[in-house]
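Q: This is the structure I have questions about; it appears just below.
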Amino acid sequence: MVEIRLFNTLTQKKETFLPQEGNTVRFYVCGPTVYDLIHIGNARVFVLFDALRRFLERAGFRVVLVQNFTDVDDKIIRKAQEEQKPPSEIAEYYIEQYFLDADRLKIRRASFHPRATEHIPDIIALVKTLEEKGFTYRIDGDVLFDVSRFPSYGKLSRKRLDELQEGARVEVRYEKRSPADFVLWKGAKPGEPFWESPWGKGRPGWHIECSAMAMKYLGATLDIHAGGIDLVFPHHENEIAQSEAATGRPFVRFFLHNGYVNINEEKMSKSLGNIITVRELCEKYEPEAIRIALFSTHYRNPINVDEKLLVSSRQYVERIKNFLRALSFIEEKTGEKPERLGEDNPEVLERLKEFEMLFWQSLADDFNTPQALGVFSDFLRFSNGYLLPSQGKWNEEALRTIRRFVALVADILGIVPEKEWWEKEQQIERLVVERERARRVKDWQRADALREEIRRAGYIIEDTPLGTRWYGEEENGN
RNA sequence: GGCGGCAUAGCCAAGCGGCAAAGGCAGAGGACUGCAAAUCCUUCAUUCCCCGGUUCAAGCCCGGGUGCCGCCUCCA
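Residue numbers (numbering that gives the first Met the number 0): 0 to 477.
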């Protein structure tokens, strides 16, 4: 197994990754606030860290992945008021929508998807601990965290409290002791959802839920905590403060943050009105193409999503499909006639193993997906050449190795079209067989007519010395 | 004001001191083919924003400059 290195925001360096204990990886990803459909920026986070998790699993680790839902918060309450519905209904609805989109994008379920509202007692207990240890103070119905009591505050984002004060142009509704102090428990205003607590009716503050749930499911110290780079400050900084203040132990060993998604060179934001939802993206592009687009830039760099990128990614999916067709075709033909199976071919096997190793190394080096895609491209070209019908003979182990590598890539990156697509393909087979019959009697007119019919179904055919293959034409989305 | 990032071919994008600068998309030529498509082969940056420096050796390190961008405020 190769050494896995990951860039740790805490140290600003690539470090060798190993779990704190045994081979279990305790992995927490900040999930969505469920007040709207998820957008491509959210998708980058979830696709990325789901893939990292799959990679770790293939590397032999047992990964416990926790991804929360923030299901009580100002934005949800606002939306609920606008729509005249209870906040819980809004949250429930968008959680369902999240899973629809996530499934569509082939994002696997986390081990746990805890919700803030289902962990109120845990949150209250955590705030209480902080209060008992003297890290809090109260203003009106709110409980605040006193950052001055936590000397290493700012260690993640490399900010100093005095600098924060200078730059701060925050408008506060009351006098906090420091602008960086943040709310742990928020007193309820009329009409807002609330829970009973030692401090009266209220709800969790903005950061405390992640600490409470992360520690509940994963223990005091996480191996990996991940999210978008915008969460570094203040969200993750605050999580560290409150968690470590409460437990006296390090909260996170590796902090991983991915870069922004820009749309047509602009930051994606509500105010610019350039949000692209996963929902609308999926109408135009298949999930594999979207994933390839997201993987085409290293995760820590900003990625610019535009039509060009998506179209180029779609072309790449077409290439993978063509390769899969060629592979299945040869597997079939060698299955039919075992004499087409040749003897050993050490150079081919060696080459294939090299691709696998390079692929693995790319991902092990701070999850360098663009490089991994490069390796996969080289593999595709090599394999396509090997699978040329004119080769005449193929080695059984080589074919198996090719299959195995594709399965590995599919399993980790999820960029290989799967069953659904393949089954659809089979429907076309009848027509192709019929056309072959026509060609055998040199009935070109009939053959071309059949080709036209196949083309209308969205497929293009190709004649080879071993018989006819067929390809999808410019398939997109769905 | 404080902190950080990025600048590589028409477009996208790896590269983290060492043979002729990955890969994708687009483009060009060839092979194969009844036609066609796919595929394969070849080709496509004497050069990595600019200027100095370190080194036997630099997109890769150091100094300076220019240009983008982000964070410090809810945000993935």
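All C-beta atoms, glycine included, are put in the ideal place defined by N, C-alpha and C.
Going by beta carbon distance, what residues of the same chain come within less than 6 Å of Pro86, once the five residues before and after it are set aside?
A: The sequence position of residue 86 within the first sequence is 87, counting from 1. Excluding residues within five positions, the ones whose Cβ falls inside 6 Å are Ile75, Ile76, Ala79 and Pro192.
Q: What does a CB cutoff of less than 7 Å around Leu449 pick up in its chain, not counting 5 residues either side in sequence?
A: On the first sequence, position 450 is the one that residue 449 refers to. Once the five neighbours on either side are set aside, the close Cβ partners of Leu449 are Leu430, Glu433, Arg434 and Ala437.
Q: Tell me which residue opens and which closes the beta strand (DSSP E) that Phe254 is part of.
A: For the purposes of this step, residue 254 is taken as residue 255 along the first sequence, with counting starting at 1. Here the beta strand (DSSP E) through Phe254 covers Val251 to Asn257.
Q: Out of Leu387, Ala42 and Ile138, point me to the one whose CA is closest to Arg103's CA.
A: Taking the first sequence and counting its residues from 1, the one referred to as residue 103 is at position 104. Among Leu387, Ala42 and Ile138, the Cα nearest to that of Arg103 belongs to Ala42.
Q: When burial is assigned at 16 or more other CB atoms within 10 Å of the CB, is Gly457 buried or exposed?
A: The count along the first sequence starts at 1 and reaches residue 457 at position 458. Exposed, by the Cβ-count rule.
Q: What distance in whole Å lies between the Cβ atoms of Ala213 and Thr246, which are believed to be in contact at a cut-off of 8 Å?
A: Locating residue 246 in the first sequence gives position 247, where the first residue counts as 1. Locating residue 213 in the first sequence gives position 214, where the first residue counts as 1. Not a contact, Cβ separation roughly 11 Å.
Q: Given that a residue counts as buried once 16 or more other Cβ atoms are within 10 Å of its Cβ, and exposed if not, what is Arg25?
A: The residue you call residue 25 lines up with position 26 of the first sequence. Burial call: buried.
Q: In terms of alpha-carbon separation, which member of Gly341, Gly373, Trp469 and Phe111 lies closest to Met356?
A: Position 357 of the first sequence holds residue 356. Closest option to Met356, Cα to Cα, is Gly373.
Q: Grab the span of the beta strand (DSSP E) containing Asp365 for me, first residue to last.
A: Position 366 of the first sequence, counted from the first residue, corresponds to residue 365. Looking at the DSSP string, Asp365 is not in any beta strand (DSSP E), and its letter there is neither H nor E.
Q: For Lys307, does the three-state DSSP call read helix, strand or coil?
A: On the first sequence, position 308 is the one that residue 307 refers to. Here Lys307 sits in helix by DSSP.
Q: Helix, strand or coil for Asp141, going by three-state DSSP, please let me know.
A: In the first sequence, residue 141 corresponds to position 142, counting from 1. Reduced to three states, the DSSP call for Asp141 is strand.
Q: At 4 residues or longer, what runs of the alpha helix (DSSP H) sit wholly inside the stretch 42 to 116?
A: As far as the stretch 42 to 116 is concerned, its whole alpha helix (DSSP H) runs of at least 4 residues are 73 to 82 and 86 to 103.
Q: How big is the Cα-Cα spacing for Cys29 and Asp49?
A: Taking the first sequence and counting its residues from 1, one reaches residue 29 at position 30. Taking the first sequence and counting its residues from 1, one reaches residue 49 at position 50. When rounded, the distance between both Cα atoms is 12 Å.
Q: Put His224 into one of helix, strand or coil per three-state DSSP.
A: The residue given as residue 224 occupies position 225 in the first sequence. His224 falls in the strand class under three-state DSSP.
Q: Closer than 6 Å by C-beta to Ile94: which residues in its own chain qualify, once you throw out the five before and the five after it? Chain order, please.
A: The residue given as residue 94 occupies position 95 in the first sequence. Val33 and Phe68.
Q: Name the DSSP beta bridge partners of Asn7, please?
A: Position 8 of the first sequence, counted from the start, is the residue given in the question as residue 7. Asn7 pairs with Lys12.
Q: Is the stretch 312 to 329 touching the stretch 379 to 388 in the sense that three or more CB pairs, one from each, lie closer than 8 Å?
A: Yes: the two stretches touch, three or more of their Cβ pairs being nearer than 8 Å.
Q: Run through DSSP, which three-state label would His297 get?
A: Counting from 1 along the first sequence, the entry for residue 297 is found at position 298. Coil.
Q: Within a Cβ cutoff of 6 Å, which residues of the same chain sit near Thr116, ignoring the five residues on either side of it in sequence?
A: For this step, residue 116 is matched to residue 117 along the first sequence. Answer for Thr116: Asp70 and Val71, listed in chain order.
Q: Can you give the beta carbon distance from Glu395 to Leu340, rounded, assuming they're within the 8 Å contact cut?
A: By 1-based counting over the first sequence, the position of residue 395 is 396. By 1-based counting over the first sequence, the position of residue 340 is 341. The pair is a contact, with the Cβ atoms about 5 Å apart (cut-off 8 Å).
Q: Using CA coordinates, which residue listed in Leu183, Pro18 and Lys307 is at the minimum distance from Ser242?
A: Position 243 of the first sequence, counted from the start, is the residue given in the question as residue 242. That would be Leu183, whose Cα lies nearest to the Cα of Ser242.
Q: Alpha carbon to alpha carbon, how far is Gly166 from Trp205?
A: On the first sequence, residue 166 is found 167 positions in, with the first residue counted as 1. On the first sequence, residue 205 is found 206 positions in, with the first residue counted as 1. Bear in mind that the predicted position of Gly166 carries a pLDDT of just 46, short of 50, making it unreliable; the figure below should be weighed with that in mind. For Gly166 and Trp205, the distance between alpha carbons rounds to 21 Å.
Q: Give a yes or no on contact between the stretch 221 to 235 and the stretch 193 to 200, applying the rule of three or more CB pairs nearer than 8 Å.
A: As far as the Cβ criterion goes, the stretch 221 to 235 does not touch the stretch 193 to 200, which means the pair count is below three.
Q: Output the boundary residues of the alpha helix (DSSP H) element that contains Leu217.
A: As a working note, residue 217 is residue 218 in the first sequence. Ile207 to Leu217 is the extent of the alpha helix (DSSP H) around Leu217.
Q: Does the stretch 3 to 10 come close enough to the stretch 260 to 270 to have 3 or more Cβ pairs within less than 8 Å?
A: The stretch 3 to 10, when compared against the stretch 260 to 270, does not touch it at the 8 Å Cβ threshold.
Q: Which complete beta strand (DSSP E) runs does the stretch 337 to 365 hold, if anything under 3 residues is left out?
A: You should have found no qualifying run.
Q: Do three or more CB pairs link the stretch 104 to 123 to the stretch 272 to 291 at distances below 8 Å?
A: Output reads yes: the stretch 272 to 291 touches the stretch 104 to 123.
Q: Kindly indicate which residue of Arg290, Ile239 and Ser327 has the alpha-carbon position closest to the one of Lys489.
A: The chain is shown from 0 up to 477; residue 489 falls before or after that span and cannot be answered.
Q: How many angstroms separate the CA atom of Asp410 from the CA atom of Leu55?
A: Counting from 1 along the first sequence, the entry for residue 410 is found at position 411. Counting from 1 along the first sequence, the entry for residue 55 is found at position 56. If you take the alpha carbons of Asp410 and Leu55, they lie about 11 Å apart.
Q: Below 8 Å CB to CB, which residues in the same chain sit around Leu160 once its five sequence neighbours on both sides are set aside?
A: Within the first sequence, the letter at position 161 stands for residue 160. So the list reads Val146, Ser147, Tyr152, Gly153, Ser177 and Ala179, once near-sequence residues are dropped.
Q: Terminal residues of the continuous alpha helix (DSSP H) containing Ile536?
A: Given a span of 0 to 477 for the chain in the structure shown, any question on residue 536 remains unanswerable.
Q: Can you tell me the Cα-Cα spacing of Lys127 and Ala244, whole angstroms?
A: Position 128 of the first sequence, counted from the first residue, corresponds to residue 127. Position 245 of the first sequence, counted from the first residue, corresponds to residue 244. Cα-Cα distance, rounded: 12 Å.
Q: Throw me the rounded Cβ distance for the Pro113 and Tyr216 pair, which I believe falls under 8 Å.
A: Along the first sequence, read from residue 1 onward, the residue named residue 113 stands at position 114. Along the first sequence, read from residue 1 onward, the residue named residue 216 stands at position 217. The pair is a contact, with the Cβ atoms about 7 Å apart (cut-off 8 Å).
Q: In the DSSP assignment, find the beta strand (DSSP E) that holds Asp478 and state where it starts and stops.
A: Outside the displayed range of the chain (0 to 477) lies residue 478, so it cannot be described from this structure.
Q: Alpha helix (DSSP H) containing Lys200: first to last residue?
A: On the first sequence, residue 200 is found 201 positions in, with the first residue counted as 1. First-last for Lys200: undefined, no H or E at that position.
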